[in-house]
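In this note's numbering, the protein residues as written are 782 to 874.
Note that beta-carbon positions come from the ideal geometry of N, C-alpha and C, so glycine has one too.
Worksheet: the structure to be examined is printed underneath.
Structure follows, in structure tokens:
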């Protein structure tokens with residue numbers, strides 16, 4: 782599912798809301814998650830999962846073409862851990 786499909790689904794299930802309002806709501810939710818993660822905060826959606834930021838230390842990597850050693854800088858990467866409810870729904874018989 783992509784963002785536009787999510788917006789359409791929410792709009793279809795809430796006919797009392799205008800499409801542009803649903804789009805604004807969905808975009809605001811995503812922006813708030815992004816801003817919180819950019820600050821280094823953890824975002825938890827009960828039953829769904831938790832978004833956090835993990836730090837990857839600097840290291841020496843290899844260029845796969847030449848085999849030459851390359852210095853890789855430290856970086857921050859997004860991480861998602863599924864919630865119990867989501868995990869249980871995915872693993873139903």
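Open item on the list: Helix, strand or coil for residue 827? Go by DSSP, reduced to three states.
Closed with: When DSSP states are grouped into helix, strand and coil, residue 827 belongs to the coil group.
Open item on the list: Between which residues of its own chain and residue 863 is the CB-CB distance below 7 angstroms, once the five residues before and five after are set aside?
Closed with: In the same chain as residue 863, and ignoring 5 residues on each side of it, the C-beta atoms closer than 7 angstroms to its own belong to 830, in chain order.
- [ ] Quick one: measure Cβ to Cβ for residue 813 and residue 788, integer angstroms, because I've assumed they're closer than 8 angstroms.
- [x] Cβ-Cβ separation between residue 813 and residue 788: approximately 16 angstroms, too far for a contact (criterion under 8 angstroms).
Open item on the list: So, for residue 838: in the same chain, excluding its five sequence neighbours on each side, which residues have a beta-carbon less than 7 angstroms away from its beta-carbon?
Closed with: Contacts found: 855.
- [ ] Would you grab the beta carbon distance between residue 833 and residue 860 for me? Rounded to a whole angstrom, and I think it's under 8 angstroms.
- [x] Yes, they are in contact, since the Cβ atoms of residue 833 and residue 860 sit about 5 angstroms apart, within 8 angstroms.
TODO: Could you give the DSSP three-state label for residue 847: helix, strand or coil?
DONE: It is coil, neither helix nor strand.
Task: Short Cβ contact (9 angstroms threshold) for residue 791 with residue 806 - done: At a Cβ-Cβ threshold of 9 angstroms, residue 791 and residue 806 count as neighbours.
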